[in-house]
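Engineer: Residue numbers (our numbering): 538 to 611.
For glycine and all other residues, C-beta sits at the position ideal for the given N, C-alpha and C.
If you scroll down you'll find the structure; I have some questions about it.
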Amino acid sequence: MKPISWFFFLFGFIFLLLGVVFSLAGKIKWLGQLPGDIIIRKENFTLVFPLATCLLLSLGLSLILWLISKLLAR
Numbered sequence: 538m539k540p541i542s543w544f545f546f547l548f549g550f551i552f553l554l555l556g557v558v559f560s561l562a563g564k565i566k567w568l569g570q571l572p573g574d575i576i577i578r579k580e581n582f583t584l585v586f587p588l589a590t591c592l593l594l595s596l597g598l599s600l601i602l603w604l605i606s607k608l609l610a611r
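Structure below.
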């Protein structure tokens with residue numbers, strides 16, 4: 538039973554973190570406007586490709602998942 542309880546604890550913690558991130562995401566003005574983010578504006582067209590933001594989020598999530606896997610592997 539212990540592994541199931543850890544799974545639910547981890548699942549709840551991840552949802553808590555996601556809730557905090559989504560509630561604070563609007564207040565982080567630099568998110569989506571980093572150097573390396575591509576923004577093309579034309580008359581009736583805007584293309585936003587947040588390349589640097591995606592790389593930063595991917596790096597952060599990879600680090601978090603790596604730490605979780607190391608903690609659970611004990």
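#1: Can you tell me which of the three DSSP states residue 524 falls into?
#2: Can you check which of these residues, 547, 571 and 559, is closest to residue 589 by C-alpha distance?
#3: Starting from residue 601, follow the alpha helix (DSSP H) in both directions and report where the run begins and ends.
#4: Could you give the C-beta distance for residue 562 and residue 554, rounded to a whole number, given that I count them as a contact under 8 Å?
#5: Rounded to the nearest angstrom, what separates residue 602 and residue 581 at their Cα positions?
Structural biologist: On the basis of the supplied data:
#1: Residue 524 lies beyond the stretch modelled for the chain, which goes from 538 to 611, so this question has no answer here.
#2: Along the sequence shown, one-based indexing puts residue 589 at 52. When each option's Cα is compared against that of residue 589, the closest is 571.
#3: Here residue 601 corresponds to residue number 64 of the sequence shown, with the count starting at 1. Residues 588-609.
#4: The residue labelled residue 562 in the question sits at position 25 within the sequence shown. The residue labelled residue 554 in the question sits at position 17 within the sequence shown. About 12 Å; that fails the 8 Å criterion.
#5: Taking the first residue of the sequence shown as position 1, residue 602 is located at position 65. Taking the first residue of the sequence shown as position 1, residue 581 is located at position 44. Each residue's Cα considered, the two are about 40 Å apart.
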